[in-house]
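Report on one structure; see the data block that follows.
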Amino acid sequence: MLALLAIGFRFPTVNDEIGYLSIANYLAGGGGFSMAENPFYHAGQGILIAPLFAILGDTGTVYQAAVLLSCLATALIPAVLVGLAKELEIPLDARLLAASVLVAVFPSFFYHNFLVWPETTLRLGVLVWLYVFARSVRTGSVVTWVLFAAIACLLYALHPRALPFIPLSLGLAFLGACCARISWLTFALCAVAAASIFLGIGAVHDQFRILWEGTRSQGDQIGRLVASIQNVVGVKRLIVTATGQLWYLIASSFGLFLVGLWAAFHIVGERKSLKSFAIWAAAILAFIGVFAASALQMVGFSRVDHVIYGRYLDAVSTPFIWLGLLYLPMLWKQSRVGLLFAPVLAIVVLGAIPSKAVYDENLASAVEPNISGLLWVKYIGSPITSLPVPTIVLFGSALGILVFVVAGLLARTSAWRGMAVVAVAVLFADVAVYGQNQNNRDGREDYVARSAELLSAAGGKPVYWDRSAWPLIGALVDQYSALQQRIPTVDLRNEQLPDGSFAVFGVEGPLPAGYGCAGRFLDGTRLIGPSSVLPSTFC
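Quick note: to get our numbering, add 7 to the position in the sequence shown (first position is 1).
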C-alpha cells in the first residue's frame, strides 16, 4: 500500500534528503553533491542507498527506489512487533496484529515513508535492538549479546540522536555480567565490538566531510549544547522545549504514549520477572536518553517546530504507543479517575507551558515533517506553517483528548471498538499528511522544471554555487533534481570563476564585475554568467 502511494515521487522536498543522497552518490563513484554549510548527516542511510546509484544511475529513479526503501522499513515494523510480543509473552491474536499494523502508520510516522532519510530505518532498527535485547536476556547467548551491542552502534551510524544507545547497551551488558547473567568474557566481546564499530563509524564519517563546508565535530556540538544551558535563560528554554516535545508526543499519540508507559510499569509489577523489568527498563532508558538529547538540541529554538519538536522521539516512542493500543481497554476498565485523566491533564499542562513561554516571540514557520502528526490542523483553514505555537497546541490538544476519551469509553465494552476509533483518527490524520506531502511534491516538480529551464541558459558550461546563495536551498536541491550533477561551491568575494562559467548567486547585491544575469530561480537567487553572453542588467 505504501509503495503504491509513493509512485511518482522523483524529487527531494526536504534539504536533509540531499545529505543522504550525496553520501550515497559519493560511495557509488559519482562524487557526491555540494552541501555548503548545511548540517552534516550520518552515513548509515547513505550506505544503504548507495547500491541504487550504482544500479539505476538516473537520479529520479534512484530517489523513487530510495523512497520505497523507507516504505519497506515501515512494512517490516509489524513483523518485529509480533516477535517482540512473543518475547514479552503477550498473546498472539488478531488484536495484536491490528495494533502492530496501526502503530506502524501512526500520523507522526507516516510522512517519513515518503522521504529519503533515516527516520523509518531508525525506527525499525530501534525495535530490532529491543527485540534482540529481549532474546539476549532470555537465552544469554554470546552471539545475541554481541549483536545487541553492535546494533546500538549501527543505530548511531544512522542518526546522531541514537548515540545514547551505545552507553546504554554497554551498561546493560555490564549489569548482566555483574548479576552473573552473562560472563565477563561476553561483556568484553560486547565492548570490543561496540568500540570497533564506533571508531569505524567515525573514520567513515571523516571521509564524507569533504562534501561539507566547516562542519563541527560531534564533540564540539555536544559541548556547545551543554554550554547553552549553563545559565538561567538556557535552563528556562530547556524546560520549554522539554515540555513542548512531551506535549507533542502525548497529544499526537492521542494519549497512548502515556497509556503504554503505564502498561509497562503494570506488566513489570504484575509479572515480577527480571526479563520484563529489563526489557521495559531498556526501552524507558533509551527514550530518556534520546528525549534529553532532542530537548537539549532545540534550546536555541527559532522556529515553531523547534518548540514542539517530535521527529527525534518517533523511534523510541513506538513501543509505548503500541503497548498503549493493547492496554487501553484495561486502563479504562479499571475506572480509576487518576489513571483515566492523567493523559488529559498532561496534554493540558504540558501544552500550556510552551504556549505561554513563546506567546510573544516571533518564531519562524514550522517545518512540516518535524511535527507531521499535527498536519491535520490544515482542516481548520490554515496550514500548520502559518500557525503559532498556542494555536497548534489548542487544536492538537482538542483532538488528542477527544480521541483518548471516546476510544477509552468504547474500549470498556469492546476492545475492537476502541481500536476502531483510534484507526479512524489515524486515517483522518494520515490523509492530511499524505495530501500535504503530495502538494509539496507538485510544488517541487514546478520548481525543478523552472530551474532546469533557467540552467539551460548555461549551455552546458560549468555552474558553481556562490557563498551568497548558500543560505537558500534552491541550488542544493537543483544539483540533484534539475542538473543531476554536483554544483561546486565558490566564494566570489575571494575567487574568480573559470572563464565561461556560470554561478548561482545571492538574492541581493551587485553582480561581480564582468557578469550578467540570466534570470532568477524561484527562491530568488540568480543565475549569473559572462556579460559577453548575458545582459548585465537583466535582473
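Just so you know, even glycine gets a beta-carbon here, dropped at the ideal spot from N, CA and C.
The beta carbon of residue 134 is closer than 6 Å to those of 87 in its chain, skipping five residues each way along the sequence. DSSP assignment within the region 157-206 yields the following whole alpha helix (DSSP H) runs of 4 residues or more, N-terminal first: 172-185. Here residue 316 carries a coil assignment [DSSP, helix/strand/coil].
Beta-bridge annotation (DSSP): residue 537 is paired with 522.
Residue range 126-146 is occupied by the alpha helix (DSSP H) that includes residue 136. DSSP places residue 438 inside the alpha helix (DSSP H), whose first and last residues are 422-462. When Cβ pairs closer than 8 Å are counted between the two stretches, the region 139-158 is seen to touch the region 283-291, the count reaching three or more. Taking C-beta separations shorter than 8 Å and ignoring five residues to either side along the sequence, the partners of residue 75 in its chain run 10 and 13, following chain order. In this structure residue 318 is buried. Its beta-carbon is surrounded by 16 or more other beta-carbon atoms within 10 angstroms. The C-alpha of residue 391 lies about 7 Å from the C-alpha of residue 373. When the beta-carbon positions are compared, residue 512 and residue 464 stay at least 9 Å from each other. Of the other Cβ atoms in all chains shown, 16 or more fall within 10 Å of the Cβ of residue 39; this residue is therefore buried. In the DSSP assignment, residue 514 falls outside any beta strand (DSSP E) and carries neither an H nor an E. Note: residue 471 is bridge-paired with 510 in the DSSP secondary-structure output. Across the set 440, 541, 312 and 190, the C-alpha of 312 shows the shortest separation from the C-alpha of residue 395. Here DSSP, grouped into helix, strand and coil, assigns residue 105 to helix. In this structure, residue 125 sits near residue 52, with a CB-CB distance shorter than 9 Å. By the Cβ test, the region 357-374 is not in contact with the region 440-451, since fewer than three Cβ pairs between them sit closer than 8 Å.
When DSSP states are grouped into helix, strand and coil, residue 20 belongs to the coil group. Beta-carbon to beta-carbon, residue 104 and residue 89 are separated by about 7 Å, close enough to satisfy the 8 Å threshold.
In the three-state scheme derived from DSSP, where H, G and I count as helix and E and B as strand, residue 532 is classed as coil. Contact between residue 121 and residue 451 does not hold, since their C-beta atoms are separated by about 12 Å, which reaches or exceeds 8 Å. In the structure shown, the three-state DSSP call for residue 343 is coil.
The shortest CA-to-CA distance from residue 476 to any of 418, 8, 44 and 297 is the one to 44. For residue 377, the number of other beta carbons within 10 angstroms of its own is at least 16, and it is reported as buried. By the neighbour-count criterion, in which 16 or more other beta carbons inside 10 Å mark a residue as buried, residue 460 falls on the exposed side.
The DSSP-derived three-state label of residue 50 is coil. Inter-residue distance for residue 534 and residue 131 is about 42 Å (C-alpha atoms, whole angstroms). DSSP places residue 482 in the uninterrupted alpha helix (DSSP H) bounded by 481-488. Across the structure, residue 293 and residue 538 are spaced so that their CA atoms are roughly 58 Å apart. Residue environment for residue 409: exposed (fewer than 16 other C-beta atoms within 10 angstroms of its C-beta).
Secondary structure note for residue 273: its alpha helix (DSSP H) is the uninterrupted segment 263-278. Cβ atoms of residue 328 and residue 260 come within 8 Å of each other, at about 5 Å.
Residue state for residue 396 is assigned as helix, using DSSP reduced to three classes.
In the three-state reduction of the DSSP assignment, residue 123 falls in the coil class.
Assigned with DSSP and collapsed to three states, residue 493 falls in coil, not helix or strand.
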